[in-house]
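Written below as structure tokens is the structure these notes are about.
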Amino acid sequence: MKLPSLAMRFEFPKGIAVDDLGHLYVADDGNCRVQKFDTNGNFISEWGKRD
-2 MKLPSLAMRF EFPKGIAVDD LGHLYVADDG NCRVQKFDTN GNFISEWGKR
48 D
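Here's what the structure looks like:
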């Protein structure tokens, strides 16, 4: 198993959601962002950033 880079790791994830296409969204409170992943767990994009 390959570990994600430090930039991709979660710090206090607070919530998750799945859309109609199976994409996973993770709200990461510690990093002040939401990350989107495909159905295989591959990173797609992110919104927000830590100041």
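In this note's numbering, the protein residues as written are -2 to 48. We put the CB at the ideal spot given by N, CA and C, even for glycine.
Given this structure, state the Cα-to-Cα distance separating residue i from residue j, to the nearest angstrom.
{"i": "residue 26", "j": "residue 14", "result": "14 angstroms"}
{"i": "residue 19", "j": "residue 8", "result": "23 angstroms"}
{"i": "residue 16", "j": "residue 44", "result": "16 angstroms"}
Looking only at C-alpha atoms, which of the options sits nearest to residue i?
{"i": "residue 21", "options": "8, 46, 38", "result": "38"}
{"i": "residue 10", "options": "42, 36, 17, 23", "result": "23"}
Can you find the residues in the same chain that come closer than 7 angstroms, C-beta to C-beta, to residue i, ignoring five residues on each side of it along the sequence?
{"i": "residue 46", "result": "29, 30"}
{"i": "residue 5", "result": "40"}
So if DSSP puts residue i in a beta bridge, which residue, or which two residues, is it bridged to?
{"i": "residue 6", "result": "None; residue 6 has no bridge partner."}
{"i": "residue 33", "result": "22, 42"}
{"i": "residue 12", "result": "24"}
If I measure Cβ to Cβ from residue i and keep anything under 6 angstroms in the same chain, skipping five residues before and after, which residues do I get?
{"i": "residue 33", "result": "20, 22, 41, 42"}
{"i": "residue 36", "result": "19"}
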